[in-house]
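Chemist:
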Ligand code: AMP
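Printed below as a string of structure tokens:
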């Protein structure tokens, strides 16, 4: 455990996208500084951070200088190369820890970990060859989904298998890379819990939100989610169990499928999460502040929700509706400062308060 960071201390953040940007804003409100490490030029987080290093994750000299210039290190994405971690971890504490990263970077390790905690996941099989896939289709059946073990996001790195799909062509389509075949879950809806754990082991979870995806990308998160009281508690207990088991410090997202047989976990993300953006206008202390508090060694805030609310992502040219959206007094507007509204690109989001909680 590190001592609580003093005002003006610096948090290093790997990744300079919108999550790094909103983490930097939260840190700044608490009087803390941030330093962003990002390979791409002009990252959204760079506009609001105190310092930016533009370098690749293979640049050990840049990583060393970055780590030496900060007090603790965190990240906004989970696919950090192992070699880069080796370099920075030898210089400053990295939170959440390596085990959280390794577990969530690989879909098979993640499912084995969750199952070991007694949590439910979709039926799955490890696939390393075309023959493995043919065998997996026999045991898991169709419909099913073939997903790459690593580097998948926003529905990328996935192929759906129907009864008439030729497994060999699905294998080729996914790029013949280590994968997992998952049984297709006939869920009624999807929910997620954003949980936080402090350096002293205190756990605080936000209420579950109900998520709707469009074209594989999160479209809306609505609070309250449609869950019975026991499902609500099951979701929060699952998140708490995962946080404790990983000796986690920071914010974690857990995505669930809601089925008549209970909640199944789709995946976990060791970072602040798009489905937690509603907390910015639905709670006094949001997921970004909660994460900064945790990695700074501060006590966590109260995650209580004061409002019913819907978060809607602004994807591509949907950001052009800002003039209309900004007239609505119940809407909190959050834009990421990205110059070009490319198709499928997350440009911002809106949180619309729909009533008291
Ligand atoms: P993922 O990238 O794994 O989060 O998957 C993206 C979306 O695909 C999920 O949010 C679900 O809507 C859908 N999906 C993923 N896995 C399954 C599954 N095993 N059964 C049904 N739908 C799924």
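Numbering (the working numbering), first residue to last: 41 to 397. Heads up, the beta-carbon is just placed ideally off N, CA and C, and yes, glycines get one too. All values reported here derive from a predicted model rather than from experimental measurement.
Within 10 Å of its beta-carbon, does residue 328 have 16 or more other beta-carbons around it, so buried, or fewer, so exposed?
Modeler: Residue mapping note: residue 328 aligns to position 288 of the chain shown, counting from 1. Result: buried.
Chemist: Checking 9 Å against the spacing of the C-beta atoms, do residue 218 and residue 348 come in under that value?
Modeler: Start at 1 with the first residue of the chain shown, and residue 218 comes out as number 178. Start at 1 with the first residue of the chain shown, and residue 348 comes out as number 308. No; because the gap between Cβ atoms is not below 9 Å, this pair is not in contact.
Chemist: Three or more C-beta pairs closer than 8 Å, one from the segment 118 to 125 and one from the segment 58 to 65: is that the case here?
Modeler: no
Chemist: Name the DSSP beta bridge partners of residue 78, please?
Modeler: Indexing the chain shown from 1 puts residue 78 at position 38. Answer is 94, bridged to residue 78.
Chemist: Can you tell me which residues form a DSSP beta bridge with residue 295?
Modeler: For the purposes of this step, residue 295 is taken as residue 255 along the chain shown, with counting starting at 1. Answer by DSSP bridge pairing, in chain order: 232 and 307.
Chemist: Let me know the beta strand (DSSP E) ranges lying completely inside the segment 344 to 382, each 3 residues or longer, listed in chain order.
Modeler: 347 to 355 and 371 to 375
Chemist: If we ignore side chains and look at the alpha-carbon of each, how far apart do residue 244 and residue 289 end up?
Modeler: Counting from one through the chain shown, the residue named residue 244 turns up at place 204. Counting from one through the chain shown, the residue named residue 289 turns up at place 249. Computed Cα separation, rounded: 11 Å.
Chemist: How about residue 137: is its Cβ closer than 8 Å to a heavy atom in the ligand AMP?
Modeler: Your numbering for residue 137 matches position 97 in the chain shown. Because no heavy atom of the ligand AMP lies under 8 Å away, the Cβ of residue 137 does not count as near it: no.
Chemist: Measuring straight from C-alpha to C-alpha, what distance separates residue 224 and residue 49?
Modeler: Against the chain shown, residue 224 aligns to sequence position 184. Against the chain shown, residue 49 aligns to sequence position 9. Straight-line Cα distance between these residues: approximately 47 Å.
Chemist: Flag residue 307 as yes when its Cβ comes closer than 8 Å to any non-hydrogen atom of the ligand AMP, and as no otherwise.
Modeler: Here residue 307 corresponds to residue number 267 of the chain shown, with the count starting at 1. Yes.
Chemist: Alpha carbon to alpha carbon, how far is residue 106 from residue 79?
Modeler: Taking the chain shown and counting its residues from 1, one reaches residue 106 at position 66. Taking the chain shown and counting its residues from 1, one reaches residue 79 at position 39. When rounded, the distance between both Cα atoms is 13 Å.
Chemist: Name, in chain order, the residues that DSSP records as bridge partners for residue 222.
Modeler: The residue labelled residue 222 in the question sits at position 182 within the chain shown. Paired residue(s): 164 and 185.
Chemist: Name the two residues that bound the continuous alpha helix (DSSP H) containing residue 213.
Modeler: Walking along the chain shown from the start, residue 213 turns up at place 173. Boundaries of the alpha helix (DSSP H) around residue 213: 207 to 213.
Chemist: Given a cut-off of 9 Å on the beta-carbon distance, is the pair residue 362 and residue 392 in contact?
Modeler: Here residue 362 refers to the residue found at position 322 when the chain shown is read from its first residue. Here residue 392 refers to the residue found at position 352 when the chain shown is read from its first residue. No, the pair does not count as a contact, with Cβ atoms beyond the cut-off.
Chemist: Less than 9 Å between the C-beta atoms of residue 294 and residue 229, yes or no?
Modeler: One-based indexing of the chain shown puts residue 294 at position 254. One-based indexing of the chain shown puts residue 229 at position 189. No, they are not a contact pair.
Chemist: With residue 393 as the anchor, note down where its alpha helix (DSSP H) starts and where it stops.
Modeler: The count along the chain shown starts at 1 and reaches residue 393 at position 353. From DSSP, residue 393 is part of no alpha helix (DSSP H) but of the beta strand (DSSP E) over 386 to 396.
Chemist: Is residue 230 close to chain C, meaning its C-beta is less than 9 Å from at least one C-beta of that chain?
Modeler: Structure shown: chain C not included; a single protein chain is present.
Chemist: Along the alpha helix (DSSP H) that carries residue 175, what are the first and last residues, could you check?
Modeler: The residue given as residue 175 occupies position 135 in the chain shown. That run of the alpha helix (DSSP H) goes 170 to 180.
Chemist: Using three-state DSSP, classify residue 314 as helix, strand or coil.
Modeler: Position 274 of the chain shown, counting from 1, holds the residue named residue 314. Looking at residue 314 - three-state DSSP - the assignment turns out to be helix.
Chemist: Got a sec? Which residues, its chain only, sit under 6 Å from residue 210 by beta carbon, not counting five neighbours each side?
Modeler: For the purposes of this step, residue 210 is taken as the residue at position 170 of the chain shown. Same-chain partners within the cutoff: 186, 199 and 201.
Chemist: Taking the alpha helix (DSSP H) that residue 251 belongs to, which residues open and close that run?
Modeler: The residue you call residue 251 lines up with position 211 of the chain shown. Run containing residue 251: none in the alpha helix (DSSP H); it sits in the beta strand (DSSP E), 249 to 254.
Chemist: Between the Cα of residue 167 and those of 159, 157, 66 and 190, spot the shortest distance and give me the residue it belongs to.
Modeler: Against the chain shown, residue 167 aligns to sequence position 127. Cα-wise, what sits closest to residue 167 is 190.
Chemist: So residue 84 and residue 378 are in contact, right, with Cβ under 8 Å, and what is the actual spacing, rounded?
Modeler: Taking the chain shown and counting its residues from 1, the one referred to as residue 84 is at position 44. Taking the chain shown and counting its residues from 1, the one referred to as residue 378 is at position 338. Rounded to whole angstroms, the Cβ separation of residue 84 and residue 378 is 6 Å, and the two are in contact under 8 Å.
Chemist: Which of the three DSSP states, helix, strand or coil, is assigned to residue 120?
Modeler: For the purposes of this step, residue 120 is taken as the residue at position 80 of the chain shown. Coil.
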